[in-house]
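Novice: Numbering (this note's numbering), first residue to last: 1 to 56.
#1: Span of the alpha helix (DSSP H) holding residue 8?
#2: What residue does the alpha helix (DSSP H) around residue 28 start on, and which one ends it?
#3: Hey, how far is the Cα of residue 11 from the Cα of residue 18?
#4: Helix, strand or coil, according to DSSP, for residue 41 in the structure here?
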C-alpha cells in the first residue's frame, strides 16, 4: 500500500505504528509458520514484514 503525504498530515499513522509494535511478536510467529508460497502473503511481502518485526 502506498502512503502519501507527510506523517504530520496523517496522525493516525502513529497509532498504526504503536499497534504494529505491540503485536510484532505475534506477527513474527505467524510469518515463521511458513505459509505455502501460494498463500495470502507473497515471498517479498513476507520478507518485508519479517524485517519490520525484528527487534530493534
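We put the CB at the ideal spot given by N, CA and C, even for glycine.
Specialist: Taking the coordinates as given:
#1: Looking at the DSSP string, residue 8 is not in any alpha helix (DSSP H), and its letter there is neither H nor E.
#2: 24-32
#3: 12 Å
#4: coil
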